[in-house]
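Heads up, the sequence shown is in the working numbering, so the first residue is 1 and it goes up one at a time.
Just so it is clear, CB atoms sit at the ideal spot from N, CA and C, and this is done for glycine as well.
What follows is one structure encoded as structure tokens, with my remarks underneath.
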Amino acid sequence: MNSQTLREARKYEEAFGKMIAAGDRPAFHLSTRTGWMNDPNGFCYYKGEYHMFYQYHPYDSVWGPMHWGHAVSKDLLHWEYLPAALAPDEPYDRDGCFSGNAIELPDGRLLLMYTGVATHTLNNGGSCDIQTQCLAVGDGIDFEKYQGNPVIDARKLPPGASENHFRDPKLWRKKDGTYLCVFGNLAEDDAGQILLYESADAFHWNFKKVLIQNHHRFGKMWECPDFFALDGKQVLLTSPQDMFPQGFEYHNGNGTLCLIGSYDEETDDFTEETDHTVDYGIDFYAPQTVLTPDGRRVMIGWMQNWDTCNMSSPHMNEDLWFGQMSLPRELSVKNGRLYQKPLREFDALHCDEVRHENVAFSDTVRLPGVSGRLIDLEIDLSPADGADIYRKFALRFAQNEQYHTSISFRPHESVVKIDRKFSGSRRAIIHQRRCLVNSENGKLKLRLILDRFSAEVFINDGEQVMSVTIYTDQAADGISFFADGKVRMDVVKYSIKAEG
Ligand code: FRU
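Here it is, written out as structure tokens:
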């Protein structure tokens, strides 16, 4: 039974979604149907299609009572909107259906597990959220909330675990048919921890153990965990709040954390080995992964950051939509690091190839056929004169007389910087970010993917990634290259086929 709240949301998005012209939103990144989008939710492969749900406030382009928006795709690049899946309409989720995940049940139905939020007023006039875990079951379009909701509440929390910060389930099925689920939670020491629960049928859950504790090493609360095996290792992804930077790793505020280690399935012991930032740009948070039918682990994140949400511009029809997802990225683990590459099917969207090989230059150059805001651009850099390593290389894009965004590289410092200060933002928020890269003798590989309102930079075949949103007027589509010293580069540029 769909509630009145859900019916209204569905009617609203149907009417208002149509008001956004295809050319006014990203072409191959999933963006909100209307209003506001944050975290990816329920990312799964179900009956031959990928489903992506998302944190959704259809009525405004700012965060509000959370619904679940819904889209499906056959290839993770072309998305079709489906009606909103969940609305905050029950006593236990009346203030929001927060993030969660999805899994196919043995009987073929799709199960959604999400965090229900009910806000309570305190005696001192303040308020606090009670966060509980809830289920909804459906056919992939319509979902009915489970009668037994919430399935996990404060009574099933371990001692000291907060009931106010207990959210974002990610569940999976073990080979023996039982289910496990991880949650983000705030521990007694006011820092994050990941809780592990188990269930025989995905409906009745019991606390199993604290999988891992933050102990104030990486920010405070840990949101949106994902936990999976990859390339002989175990990976925990989580998005900590209130981080401090550690050298070139992490940054102030909300960030992303990847912990790689080993996992004993008998004892559920996770042993950490390495840690690093997932995305070194400005806009990337709360990623979720899916396992494709051919065994690839693919990740999509919210291409935004909580502290930078007030940067938009009239060029993107800001009243109608805000929020987009990152490109789907294929993951692998090498040398204790998580590598990310654009989903290989993305290459099928390439057209109009332009190649320039062995371009040696100092100062500024533009190359024939290299421009655009819907492009995939690969650059292989080296010094033009083997022994004499240049001081700086820069690539400017989304450029006209007034605007540009840049990626620069200083080989003597091994630092790549992304800078959107001149992208048209009128807000006093962070616009630059730096990343320490592996580079020998001035060599570096960059792959820049632009989709109207974003730039994703894959460095050294996905060893590091930097993502930013840019809301620059689409007419700014120039690209230029700059060298201080002598640079040699190979450039391949593709335009991306887009509808609208
Ligand atoms: C992360 C997050 C989640 C929560 C959701 C609310 O961005 O804060 O922890 O479930 O957003 O919209």
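query	result
Rounded C-alpha distance that separates D347 from S371	18 angstroms
Anticipated Cβ contact below 8 angstroms, T289 with F228, distance rounded	6 angstroms
Reduced DSSP secondary structure (H/G/I, E/B, other) of D347	helix
Residue from D477, S312, D226 whose Cα sits closest to the Cα of F43	D226
Simplified DSSP assignment, three categories, for P293	coil
For Q131 and M52, the rounded distance between their alpha carbons	23 angstroms
Reference P158; option with closest CA among K145, Q193, Q147	Q193
Inter-residue Cα distance where the pair is Q55 and P106	26 angstroms
Inter-residue Cα distance where the pair is M466 and S61	25 angstroms
Euclidean distance between Cα positions of D39 and W302	5 angstroms
Inter-residue spacing [alpha-carbon to alpha-carbon] between N164 and C128	7 angstroms
V117 beta carbon less than 8 angstroms from that of G96	yes
Sufficient close CB pairs (3 or more, under 8 angstroms) joining the stretch 177-185 to the stretch 20-40	no
Limits of the unbroken beta strand (DSSP E) element including T405	405-410
Backbone secondary structure at W306 - three-state DSSP	helix
Alpha-carbon spacing of K493 relative to L111, whole angstroms	42 angstroms
Distance, A387 Cα to S239 Cα	42 angstroms
Sequence-distant residues of its chain with Cβ nearer than 6 angstroms to T472 (five each side left out)	A398, Y403, S423, G424
Alpha carbon of N252 to alpha carbon of M243, nearest angstrom	5 angstroms
Counterpart residues of P383 in DSSP-defined beta bridges	V487
Pair within 8 angstroms by beta-carbon distance, N400 and G478	yes
Sequence-ordered residues whose beta carbon comes within less than 7 angstroms of a heavy atom of the ligand FRU	N38, D39, Q55, W63, M66, G96, F98, S99, T115, R167, D168, G184, E223, C224, S239, Y285, A286, W302, W306
Residues near L196 by beta carbon distance below 7 angstroms, same chain, minus five either side	L180, V182, K208, K209, L211, D268
Own chain partners of D307 with C-beta closer than 6 angstroms, once the 5 adjacent residues on each side are dropped	G253
Residue burial classification, Q340 (beta-carbon count within 10 angstroms, cutoff 16)	buried
Contact the stretch 351-370 vs the stretch 432-450: 3+ CB pairs below 8 angstroms	no
Simplified DSSP state of R434, which is helix, strand or coil	strand
Extent of the continuous beta strand (DSSP E) to which Y510 belongs	Since the first residue shown for the chain is 1 and the last is 500, residue 510 is missing from the structure and cannot be characterised.
Of the listed residues K18, F28, I418, F16, nearest to E499 (C-alpha basis)	F28
Boundaries (first-last residue) of the beta strand (DSSP E) holding L444	444-451
Cutoff 6 angstroms; reference L377; Cβ partners in own chain excluding five residues on either side	L448, K493
Y12 - DSSP class collapsed to helix/strand/coil	helix
Extent of the continuous beta strand (DSSP E) run through Q131	127-138
Which residues DSSP lists as bridging A27, in chain order	DSSP output for A27 lists no bridge partner at all.
L331 (DSSP reduced to helix, strand or coil)	strand
A475 versus M316, I459, L436, residue with shortest Cα-Cα distance	M316
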